[in-house]
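Presented below is the structure to which this report refers.
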Amino acid sequence: MSNQAIVSYLHRLTERLNAYYNDAVLSEQYAWWTLETITQKNRLQLLSSTVKPTAEQEADIERWVDALTNQHMPIQYLIGNVPFCDLIITIKQPTLIPRPETEQWCTEFITRCLAYNGEEPLRILDLCSGSGCIGLAWAHAFPKAQVVCADISPEAISLGRYNAQLNGIQNVTFIESDLFTGLADMQFDLILTNPPYISEDEYATLDTSVTAWEDKRALVADDAGLALINKIITKAPMHLRFNEQLEGLIIPQLVIEHGSRQATHIVDLMRNAGYIHVKTHKDLADKDRVVSGRLPYVVPTKKRV
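First residue of the sequence shown? That's 344 in this note's numbering, and the numbers climb one at a time after it.
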């Protein structure tokens, strides 16, 4: 028998949220997340018992509703964490909230790399790492790998370290770096990046829940959003090393998340820079979201004696 008090409470909460979001499905999901987080009970526990929010919990719910509807705060910041590739990633404003699109391609490429069984551990760079979600997902999937997470933001680096500790991941190093500047002569088998790629014009059209809360530096780049991507494509070859098994498996060395209308430009940039096997990959909404490629391996010529 369902808990009618909770069902009625959820219905009223959903209606209040829907008046703001104008999306019944999203509003119901947010209502459930609010109830589950504040009562510390999952959906089944709430529905199968006679429990209902206490007066203190109702006050907390009111604060959440105010934050969501009047302050335009993303619910992820209220909850304080998001699931990502079997991990729980803590998030704090203004560090960028991990998106499902990022989790999708991350999972896809991790799955492709599971065939790797080389004697030498993989060296992986998560560039513009933010909360550390990408690098930590790879470090978790490949516990023998050596993973580096690099970000220009000291707040992001601190949060990434916390997430590594929270998830018990030890094979990762965090470096405060403006792209490659703090990485000296480090070389990697794979470079994965979700860099700033939104143009100033596009940023002006984003919802207040993004512009008022998330770090603009993690979102916006010059040159129609392509400035940092261009730098990454140009400088990455100096930090990529040849890995024969990855070459044989045709696993890309550089993976770049981008805006849905930037794929053609990025493909051209990578091909002009000498990358091969350049491909686009679509997201959950069937939009271009990632471009990947690798460097050609040139067999060294032997000097004549």
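The beta carbon of each residue, even a glycine, is placed where N, CA and C say it ideally should be.
Check your understanding: Ordered along the chain, which non-local residues of its own chain (more than five positions away) have a Cβ less than 8 Å from that of residue 348?
Key -> These residues qualify, in order along the chain: 393, 395.
Can you pull the DSSP bridge partners for residue 485?
Beta-bridge analysis with DSSP links residue 485 to no other residue.
Fill in: Where residue 428 falls: helix, strand or coil (DSSP)
For residue 428, the secondary structure class from DSSP, reduced to helix, strand or coil, is coil.
Between 429, 441, 447, which lies nearest to residue 625 when the distance is taken from Cα to Cα?
Of the listed residues, the one whose Cα sits closest to residue 625 is 447.
Exercise. Please report how far the alpha carbon of residue 346 lies from the alpha carbon of residue 389, in whole angstroms.
Key: Residue 346 and residue 389 have their C-alpha atoms some 7 Å from each other.
From residue 359 to residue 413, what distance separates their C-alpha atoms?
-> Answer to the nearest angstrom: the Cα atoms are 12 Å apart.
Next item on the list: With DSSP collapsed to three states, give me the class of residue 585.
Entry: DSSP, reduced to helix, strand and coil, places residue 585 outside both helices and strands of the structure shown, so it counts as coil.
* Asked: Nearest CA to the CA of residue 436: which residue from 444, 443, 454, 417?
  -> Nearest of 444, 443, 454, 417 to residue 436, Cα basis: 417.
| Roughly how many angstroms separate the alpha carbons of residue 472 and residue 407, rounded to a whole number? | Rounded to whole angstroms, residue 472 to residue 407 spans 28 Å at the Cα level.
Exercise for the section: Look at the alpha carbon of residue 618 and the alpha carbon of residue 479, and state the distance between them as a whole number of angstroms. Expected result: Each residue's Cα considered, the two are about 26 Å apart.
Self-check item: Beta-bridge partners of residue 471, as assigned by DSSP
Solution: Looking at the DSSP output, residue 471 bridges to nothing.
Worksheet item: Do residue 489 and residue 506 have their C-beta atoms closer together than 8 Å?
Response: Taking a C-beta distance under 8 Å as the contact criterion, residue 489 and residue 506 do not qualify as a contact pair.
Kindly confirm or deny that the segment 595-604 and the segment 627-636 touch, where touching means at least three C-beta pairs closer than 8 Å. With the cut-off at 8 Å, the segment 595-604 and the segment 627-636 touch.
For residue 458, three-class secondary structure by DSSP: Reduced to three states, the DSSP call for residue 458 is coil.
Exercise. Looking at the structure shown, is residue 630 part of a helix, part of a strand, or coil, going by DSSP?
Worked result: Coil.
**Prompt:** From residue 424 to residue 431, what distance separates their C-alpha atoms?
**Reply:** C-alpha separation (whole angstroms): 6 Å.
Task: Cα-Cα separation between residue 631 and residue 449, rounded to whole angstroms - done: When rounded, the distance between both Cα atoms is 15 Å.
- Query: alpha helix (DSSP H) containing residue 578: first to last residue?
  - Reply: Looking at the DSSP string, the run of the alpha helix (DSSP H) that includes residue 578 is 570-578.
| task | Please classify residue 538: is it buried, with 16 or more other beta-carbons within 10 angstroms of its beta-carbon, or exposed? | result | Answer is buried; the Cβ neighbour count reaches 16.
message = Short of 7 Å in beta carbon distance, which residues of its chain neighbour residue 644, apart from the five on each side in sequence? Order them along the chain.
response = Model confidence at residue 644 stands at a pLDDT of 46, short of 50, so the residue's coordinates are unreliable; what they give is reported in the following sentence. Excluding sequence neighbours, residue 644 sits near nothing in its chain.
Problem set entry | Endpoints, the alpha helix (DSSP H) within which residue 397 is located | No residue range can be given for residue 397, since it is assigned to no alpha helix (DSSP H) and is classified by DSSP as neither H nor E.
Reducing DSSP to helix, strand and coil, say where residue 606 ends up. The answer is helix: DSSP assigns residue 606 an H, G or I state.
Mind reading off the beta-carbon distance from residue 520 to residue 495? Whole number of angstroms is fine, and I expect it under 8 Å. Contact annotation, residue 520 with residue 495: C-beta distance approximately 7 Å; criterion of less than 8 Å satisfied.
For this session: Between the Cα of residue 440 and those of 459, 629, 552, spot the shortest distance and give me the residue it belongs to.
Result: Relative to the Cα of residue 440, the nearest Cα in the group 459, 629, 552 belongs to 552.
*With DSSP as the reference, label residue 636 as helix, strand or coil.*
Strand, per DSSP.
- Item | Length of the line joining the Cα atoms of residue 466 and residue 533 | Each residue's Cα considered, the two are about 7 Å apart.
| task | Using a Cβ-Cβ cut-off of 8 Å, state whether residue 480 counts as contacting chain C. | result | No chain C appears in this structure, which consists of one protein chain only.
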